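Below is one structure, written out as structure tokens; the observations come after it.
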Amino acid sequence: GRLEPRHFGVQVGQVNTSEGGILQNVTEVIIHPNYNPMLGAPAGGDVALLKLEAPIMLSDRVNLVTLPHPGLRVPAGTRCWVTGWGNIRFHVPLPVPHHLQEVEVPIVENVVCRWKYREINTIVKEDMLCAGSPGRGVCHGDSGGPLVCNWMGNWLQVGVVSWTQRYCHPEFPGVYAQVAFYYRWILCHVSSSP
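The sequence shown: position 178 = 178 (the UniProt record's numbering), numbered continuously.
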């Protein structure tokens, strides 16, 4: 069905989903035109923007990350961080109190990642990047989470968790929507929004 703003709320400043916390109302969901819901995330275009009803108040628990410029290519091996509330292993959900998990993951060379996924007849597209190492990565339920790198003293959001091998196999890196690829699209919508 259609994604209506009323279906969403954005939790701010909490690390446990079971605690509730302040939910910000969403007034608009902007899905990238290349995203095909019939084909899902591996087909690409797996990014969306949520317009909030009111500005977020920054604090010691709520802060901003920077968008990477379109030309930025984070070198393979760069250590970055991904966070999420997804499964901790295949079919093993995050236990109560559902505390936000984080893991340090290296950026994986796209050529290496494409070769790995070619083994299972899956294509890693140009708008994607890969990160992870054996036993360190993302699983079901982490989708939409940020991949951030400390780049020359600034925290950049270089990726958005998109998909991974079906069984969250530790030998397969996670695949992310590459934020730099969508920089102009994001900026277009953000700068045109009151």
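Backbone N, C-alpha and C fix where the C-beta goes; we use that ideal spot for every residue, glycine too. Predicted model, so just to flag it, every value in this text is computed and none were measured.
Return the chain-ordered ranges of every beta strand (DSSP E) run that is complete within the stretch 130 to 189 and spans a minimum of 3 residues.
146 to 151, 154 to 163 and 174 to 178
Under the three-state reduction of DSSP, which class applies to Pro-42: helix, strand or coil?
helix
Exposure label - Tyr-167; buried when at least 16 CB within 10 Å
Exposed is the call here.
Which residue comes first and which comes last in the alpha helix (DSSP H) that contains Trp-115?
110 to 118
Whole-angstrom distance between Val-82 and Glu-119, CA atom to CA atom:
25 Å
According to DSSP, what are the bridge partners of Gln-11?
Partner(s): Leu-23.
How would you write the range of the beta strand (DSSP E) that Gly-84 sits in, first residue to last?
Here the beta strand (DSSP E) through Gly-84 covers 79 to 84.
Out of curiosity, what's the CA-to-CA distance linking Cys-130 and Asn-121?
If I take the Cα positions, the gap works out to 16 Å.
Taking only the alpha-carbon atoms, compute the straight-line gap between His-69 and Leu-94 and give it to the nearest angstrom.
34 Å
Between which two residues does the beta strand (DSSP E) containing Leu-50 stretch?
48 to 52
Would DSSP call Pro-5 helix, strand or coil?
helix
Going by CA-CA distance only, name the one from Leu-23, His-7, Ile-31 and Pro-5 that's closest to Gly-13.
Leu-23
Could you check the C-alpha separation between Gln-165 and Gly-174 for me, to the nearest Å?
8 Å
Alpha carbon to alpha carbon, how far is Glu-19 from Val-190? Give it in angstroms, no decimals.
30 Å
Considering only residues of the same chain and omitting the five flanking positions on each side of residue 195, which have a CB-CB separation below 7 Å?
Given that the chain is displayed from residue 1 to residue 194, the structure contains no residue 195 and the question cannot be resolved.
Among Ser-133, His-99 and His-91, which one has its Cα closest to the Cα of Arg-79?
Ser-133
Taking only the alpha-carbon atoms, compute the straight-line gap between Pro-75 and Gly-137 and give it to the nearest angstrom.
18 Å
Less than 7 Å between C-beta atoms, sequence neighbours within five positions excluded: which residues of the same chain meet that for Pro-5?
Val-26, Thr-27, Glu-28 and Val-29
Give me the DSSP bridge partner(s) of Met-128.
Ala-177
Can you tell me whether Thr-122 is helix, strand or coil according to DSSP?
coil
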